[in-house]
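Reviewing the structure listed below.
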Amino acid sequence: PEASGKTFEFSSVQGYPKPREGYGTTLARMQPDSEGAISDAALEAEYRLMQQLLPGEVQDATRLEMGRKYEEVDAGEVSRKKGAAPSEREKGVAKGVLG
-8 PEASGKTFEF SSVQGYPKPR EGYGTTLARM QPDSEGAISD AALEAEYRLM QQLLPGEVQD
52 ATRLEMGRKY EEVDAGEVSR KKGAAPSERE KGVAKGVLG
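Shown next, in the form of C-alpha coordinates:
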(Lines of atoms letter the chains of each structure in order from A and count residues from 1; the text may use other names and numbers.)
(Lines give C-alpha, C1' and ligand atoms only; values in the text may rest on other atoms or scores of the structure.)
Protein backbone atom coordinates (compact mmCIF):
# COMPACT_ATOMS: atom_id res chain seq x y z
CA PRO A 1 0.00 0.00 0.00
CA GLU A 2 2.90 2.42 0.64
CA ALA A 3 3.74 2.34 -3.08
CA SER A 4 0.19 2.93 -4.33
CA GLY A 5 -0.11 6.01 -6.51
CA LYS A 6 3.65 6.53 -6.72
CA THR A 7 5.78 6.22 -9.83
CA PHE A 8 9.31 4.94 -9.35
CA GLU A 9 11.85 2.65 -10.93
CA PHE A 10 12.90 -0.46 -9.11
CA SER A 11 15.30 -3.32 -9.69
CA SER A 12 16.19 -6.42 -7.75
CA VAL A 13 19.03 -8.87 -7.47
CA GLN A 14 18.33 -12.59 -7.53
CA GLY A 15 18.99 -14.15 -4.13
CA TYR A 16 19.11 -10.78 -2.35
CA PRO A 17 16.87 -11.07 0.73
CA LYS A 18 14.02 -8.62 1.13
CA PRO A 19 13.72 -6.68 4.41
CA ARG A 20 11.81 -8.53 7.15
CA GLU A 21 9.50 -5.54 7.52
CA GLY A 22 9.11 -5.17 3.74
CA TYR A 23 9.83 -2.05 1.71
CA GLY A 24 6.99 -0.02 3.23
CA THR A 25 9.12 2.28 5.38
CA THR A 26 11.21 3.38 2.42
CA LEU A 27 8.30 3.66 -0.01
CA ALA A 28 6.16 5.61 2.48
CA ARG A 29 8.65 8.49 2.26
CA MET A 30 7.99 8.99 -1.44
CA GLN A 31 5.57 11.67 -2.70
CA PRO A 32 2.34 10.40 -4.29
CA ASP A 33 1.76 11.25 -7.95
CA SER A 34 -1.50 13.01 -6.95
CA GLU A 35 0.59 15.80 -5.36
CA GLY A 36 1.85 16.80 -8.80
CA ALA A 37 5.24 16.72 -10.41
CA ILE A 38 8.20 16.76 -8.07
CA SER A 39 11.14 19.10 -8.43
CA ASP A 40 14.43 17.94 -9.87
CA ALA A 41 15.90 18.14 -6.35
CA ALA A 42 13.13 15.92 -4.94
CA LEU A 43 13.57 13.48 -7.83
CA GLU A 44 17.29 13.28 -7.10
CA ALA A 45 16.57 12.75 -3.39
CA GLU A 46 14.12 9.92 -4.10
CA TYR A 47 16.59 8.31 -6.49
CA ARG A 48 19.31 8.45 -3.84
CA LEU A 49 16.87 7.08 -1.25
CA MET A 50 16.19 4.02 -3.39
CA GLN A 51 19.94 3.50 -3.90
CA GLN A 52 20.43 3.32 -0.14
CA LEU A 53 18.28 0.27 0.50
CA LEU A 54 20.38 -1.85 2.79
CA PRO A 55 21.20 -5.47 2.14
CA GLY A 56 19.71 -8.06 4.44
CA GLU A 57 16.42 -8.53 6.23
CA VAL A 58 16.91 -6.40 9.35
CA GLN A 59 17.47 -3.05 7.57
CA ASP A 60 19.28 -1.39 10.50
CA ALA A 61 22.86 -0.42 9.72
CA THR A 62 23.42 0.70 13.33
CA ARG A 63 23.33 -2.97 14.42
CA LEU A 64 26.19 -3.95 12.11
CA GLU A 65 29.65 -4.09 13.66
CA MET A 66 32.72 -3.27 11.58
CA GLY A 67 33.98 -6.36 9.79
CA ARG A 68 30.67 -8.25 10.12
CA LYS A 69 28.15 -9.23 7.47
CA TYR A 70 24.49 -8.30 7.17
CA GLU A 71 23.74 -12.03 7.13
CA GLU A 72 25.17 -12.23 10.67
CA VAL A 73 22.82 -9.46 11.81
CA ASP A 74 19.89 -11.25 10.14
CA ALA A 75 20.82 -14.49 11.96
CA GLY A 76 20.98 -12.69 15.32
CA GLU A 77 24.73 -13.31 15.65
CA VAL A 78 25.41 -9.55 15.81
CA SER A 79 23.13 -6.99 17.43
CA ARG A 80 24.99 -3.86 18.27
CA LYS A 81 23.10 -1.16 20.18
CA LYS A 82 22.73 2.24 18.50
CA GLY A 83 25.52 4.58 19.62
CA ALA A 84 27.46 1.78 21.32
CA ALA A 85 31.19 2.18 21.81
CA PRO A 86 33.36 0.02 19.56
CA SER A 87 33.75 -3.56 20.78
CA GLU A 88 37.18 -5.04 21.41
CA ARG A 89 36.77 -7.06 18.21
CA GLU A 90 35.99 -3.87 16.24
CA LYS A 91 39.03 -2.14 17.73
CA GLY A 92 41.14 -5.08 16.62
CA VAL A 93 39.73 -4.93 13.08
CA ALA A 94 40.35 -1.16 12.91
CA LYS A 95 43.90 -1.56 14.24
CA GLY A 96 44.57 -4.18 11.56
CA VAL A 97 43.38 -1.80 8.85
CA LEU A 98 45.04 1.34 10.18
CA GLY A 99 48.26 -0.39 11.21
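With my numbering applied, the sequence shown covers -8 to 90.
All C-beta atoms in this analysis are idealised placements derived from N, C-alpha and C, irrespective of residue type, glycine included.
Practice prompt. Can you give me the Cβ contacts of V64 inside the same chain, cut-off strictly under 8 Å, excluding the 5 residues immediately before and after it?
Written response: Around V64: G47, V49, D51, R54, L55, S70.
Item to complete: Compare the Cα-Cα distances from G13 to each of A66, A36, P(-8) and report the closest residue.
Response: Considering only A66, A36, P(-8), the residue with the shortest C-alpha distance to G13 is P(-8).
Fill in: Close-in-space but distant-in-sequence residues of the same chain around G33 (CB under 8 Å, 5 per side omitted)
The sequence shown places Ala at residue 33, rather than the Gly named in the question. Sequence-distant partners of A33 (beyond 5 residues in either direction) whose C-beta falls short of 8 Å from its own C-beta, in its chain, are Q22.
Worksheet entry | For A66 and A85, the rounded distance between their alpha carbons | Those two C-alpha atoms are separated by around 24 Å.
Discussion item. Tell me which residues share the same chain as M41 and place their Cβ nearer than 8 Å to its Cβ, disregarding the 5 neighbours each side in the sequence.
Written reply: Within the same chain, M41 has close Cβ partners F(-1), E0, F1, T17.
Worksheet item: Are the CB atoms of S25 and G(-4) nearer to each other than 7 Å?
Response: Contact flag set, yes.
Practice prompt. Tell me where the alpha helix (DSSP H) around A85 begins and ends.
Written response: That run of the alpha helix (DSSP H) goes 79 to 89.
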